[in-house]
Every structure is written in C-alpha cells, then in structure tokens.
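In our numbering, the protein residues as written are 1 to 413.
To start, the structure itself, in structure tokens.
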Amino acid sequence: MHRYDPRRGRCAYRWLYSRYEKKTRDLRMNELPAPLSPADCDLRDFPFLPVDISRLFNSEFHARSNDTEWRAGVTLWLKSFHQVPAGSIPDDDIQLARLAELGRDTKTWKKIKASALHGWIKCADGRLYHPVVAEKAAEALAGKKTQRGRTAKARLQAMLKRLSQPSDILDFASVETSVQTVLNELSQYLSQSEFETINKSVTDSVTEAKRKREGERKGQGEGKEKHSDPKGSGGPPPSPGHENLEPKGKSPEEKTKQEIWRAAKSLLAQGGMPEAQCGSFVGKLVSDYSTEIVLDAVRTAVVEQPADPASFLKAVCQTRSGERKTVSPWWSSTELILAKAAEMNIQTRPGELMPALKARIEAAIANDGKPPAPPAVAPNSASEEVVEQRSPEAVGAGLAAMREASSKLKRVA
1 MHRYDPRRGR CAYRWLYSRY EKKTRDLRMN ELPAPLSPAD CDLRDFPFLP
51 VDISRLFNSE FHARSNDTEW RAGVTLWLKS FHQVPAGSIP DDDIQLARLA
101 ELGRDTKTWK KIKASALHGW IKCADGRLYH PVVAEKAAEA LAGKKTQRGR
151 TAKARLQAML KRLSQPSDIL DFASVETSVQ TVLNELSQYL SQSEFETINK
201 SVTDSVTEAK RKREGERKGQ GEGKEKHSDP KGSGGPPPSP GHENLEPKGK
251 SPEEKTKQEI WRAAKSLLAQ GGMPEAQCGS FVGKLVSDYS TEIVLDAVRT
301 AVVEQPADPA SFLKAVCQTR SGERKTVSPW WSSTELILAK AAEMNIQTRP
351 GELMPALKAR IEAAIANDGK PPAPPAVAPN SASEEVVEQR SPEAVGAGLA
401 AMREASSKLK RVA
C-alpha cells in the first residue's frame, strides 16, 4: 500500500496515472476490430500494386489533401503492400515518417499526419490497416496461392509420370519423398475437400506404382531361380496336369484397368454424365488409344479437375497419341511470318519490319490470297521541276553565278 507523501506526492500520482492509462489502453485494444489481413499475408515478392483509378480520383482523400499530404498518403499505401501483414503499417510516428519518405522530419509528418492517414484503421494487433489496400492484398494473396497450387499440381503430375518408368532407371524412394513434400506444400494452397481428393488420387497412384515395382522385382527373382537348375540336374519336375493350379492374384494390368475405370467414372459422373454412359465412354477411350495413355489422361484430369471431364480426357488422349498437335499461329514468330509470306508469294522489301510485312500478309488474306495492288502515285510537277534544276546545265550555270558573285565581293573589298 502506497501512502501519500507530500514531498513525493506528485511522483506517486504520476505513477498511479500511468497504471490507469495502461489499463485503459488495454481495454481500448480489446475493443478494436480484428486485423483486415491475415498474419501470414506476405506479398514482398509482388512488385505491383493494382490501383483503382476511378476510386482514387473520386475519393475524399484526393479532393481534400494538398500535394505533400497526397504524396505521403499514396506512399504509405504502396509501402504497406510490402509490410507483413500486407496492407498494414506500424502505429509509430518515427517509423511512419520514414515510410512516408520524410526521413527524420517528424515535425512535418505530425503536420500532415491527419490527412495522410485518411482511411486508415487501428486494429487489435496495434497496427494501422487501410481497407482498400487490404482488399487488394487479399486478391493478390488468393492469386498467389492459386498460381503456386497450379505449379505444385504440375510438379505432382510430372512425378507421377516418372513413377511409371522402369524400375532400373528410377530412384523410387527419392521420388516418393518429393511427392510427399509437394503434397504438404499443396495443402497450404487448396481447400480441404479439394486437397483430400488430390491426396487420395496421388496416394493410390504411388501405391499402385510401388506394387508394380515389387511385382517386377519378385518376377525377376523367380526367373533367376527357375534358370538356376539346368536340365538333367535332378530337380523335381512338376507333376503333370498341375502346372497352373497355384492361386493367382490379379495381374498389374487388371489392377490398372480397375483404377482407370474407378477414377474416370467418378470424374465423368461429377461432370454430369449419366452413370450408365461412363463405363462405355472409358471403354471407347481404351479401345481407341492404349491403356497407358488413358491412365495418364485420368491422372491429369484428377489433378486438374476440369469442368468438362469428357472433353478433357479425349483431348489429352489425342495429344498423347499424336493426333492433336499444338500449332502456333503464323504471326507468333518471325520465322512463321516469313514462311507465310513465302507461301503467299509475297516478296519482302529491303529494310521492311515484321509489323509491316504482317500487315501486308493480312491484307493479302483479306484479298483472297492476292497481294494488294501498290497505291498509284500521282505526278508531281514540283518534283519534275526540281529534277530539271538538278540537270548538269543547271548545275554549271549555278557555279558560274557563284564565281561571278565571289569576284565582285573581292573587288569591293
């Protein structure tokens, strides 16, 4: 218990007031809104911030702030995009002056602070957030996750394709570890339901590849044992009529076919195809193409989750089999433009740029393949007069006049 001391009363009251102010500040912090950006919103690798031009120039901030306030406010918007969380800034005048490119001039900062911080909101984590910048940061974060999820899916697809290679040229354990690493990374970018679907498909594919690998090893071992006993060595021959009586499980080909049927029918049913048609559609793909091609197409579709699985599966099968080739348009490169010009008997002109040649090709295409006729040049009387003046007689007369004028100047001098 602190007693009041007349000689130290001022210090005692100041201490009590500081305690009261701290408790009041803590209460105010509890009443503040939640942060507008998640704590892990890190966009420091994003060099661009989208700016809504109409929204900016129709805002109250643009109408009321002067040049210094406007420049400092916009600078804080841009700097906040690379803060963590994105869209926030610290609630400290010294740091804000630095972020606003005012250096150590906190005096100027305090003069413009009210206008420069127009629209900023203090949240429960003690930082200032701008709703518009936080909104753009959320859009950028969603795009970042989508892009990285797409990249992770492509890596998974490539790894699953590697697992189908022969066992003697594949480090299976290393690929399996990489698949698990990519799956852990992918869980950060996808929803729970979508990740569970992909995780199940990938796990089934890895398990099937592992089973095939073990079957290959076992088959190679049995083959060696069979060839180790030469003929006539006294080994017990199989009893007649009982060579194929050993129980056999499903072959890898049958398991692969079942995997194709199950995954493909599920995808097609989710895409709206009647269940009665799913089996016949997959059977038609297998008969038109090979089992390996259809299996690869189904794995790709499971990872990509297309809106139209039927068209997607057929397109992938056509691409894998070589029926569908990606053809670049003739205007996509210099070589293709020149080839198109040669095909249409269009001669290139000296020093002609590709855009000009492309325009002539487009005009020829619009003219049913015929190059457009060159524009008619009207006769120019002025140019004919210039040509006449540049004849040898005219040049000689001009030189004689210049010599005569020069001699007159020398006599005058």
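Quick reminder that beta carbons are idealized off the backbone N, C-alpha and C, glycines included.
Pick from the options that is closest to residue i, judged by C-alpha positions
i, options, result
"Arg155", "Ala310, Glu304 and Gln318", "Glu304"
"Ser59", "Ser115, Cys317, Arg104 and Pro47", "Ser115"
"Ala39", "Ala138, Pro47 and Val132", "Ala138"
"Phe312", "Glu31, Val282 and Arg64", "Val282"
"Pro309", "Gln270, Lys340 and Glu185", "Gln270"
"Gln188", "Gly351, Lys144 and Ala400", "Lys144"
"Thr197", "Leu183, Glu208, Ala209 and Lys210", "Leu183"
"His130", "Gly73, Ala339 and Ile53", "Gly73"
"Thr146", "Trp109, Glu194, Ile121 and Ala100", "Glu194"
"Val51", "Leu32, Thr75 and Ser406", "Thr75"
"Glu31", "Thr108, Asp125 and Leu102", "Asp125"
"Ala173", "Gln192, Leu186 and Glu214", "Glu214"
"Arg162", "Lys113, Asp296 and Leu267", "Asp296"
"Leu117", "Leu160, Lys358, Trp70 and Ala315", "Trp70"
"Asp288", "Ala307, Cys123, Lys314 and Lys153", "Lys314"
"Ala307", "Thr348, Leu267 and Glu176", "Leu267"
For residue i, the first and last residue of its enclosing beta strand (DSSP E)
i, result
"Ser88", "Ser88 to Pro90"
"Arg64", "First-last for Arg64: Glu60 to Arg64, but that is the alpha helix (DSSP H), not the beta strand (DSSP E)."
Beta-carbon separation (whole angstroms), residue i vs residue j, contact threshold 8 Å
i, j, result
"Leu43", "Leu141", "7 Å"
"Gly87", "Ala134", "4 Å"
"Ile94", "Arg127", "Not a contact, Cβ separation roughly 15 Å."
"Val302", "Cys317", "The Cβ separation is near 15 Å, so there is no contact."
"Thr106", "Ala97", "5 Å"
"Ala263", "Ser201", "7 Å"
"Arg299", "Ser178", "Arg299 to Ser178, Cβ: 16 Å. No contact."
"Ser164", "Ala209", "7 Å"
"Asp91", "Lys122", "6 Å"
Those residues which DSSP pairs with residue i across a bridge
i, result
"Tyr129", "Ser88 and Ile121"
Limits of the unbroken alpha helix (DSSP H) element including residue i
i, result
"Ser280", "Glu275 to Asp288"
"Gln318", "Pro309 to Ser321"
"Asp67", "Asp67 to Ser80"
"Leu357", "Met354 to Ala366"
"Thr414", "Given a span of 1 to 413 for the chain in the structure shown, any question on residue 414 remains unanswerable."
"Phe57", "Ile53 to Phe57"
"Ile94", "Asp93 to Leu99"
"Ser115", "Thr106 to Ala116"
"Ala341", "Thr334 to Glu343"
Interface flag, residue i vs chain C, CB-CB below 7 Å
i, result
"Arg213", "Looking at the structure shown, chain C is missing, and only one protein chain is on hand."
Write down every uninterrupted run of the alpha helix (DSSP H) in the region 139-205 whose length is 4 residues or greater and which is fully enclosed by it, in chain order. The qualifying runs are 172-186.
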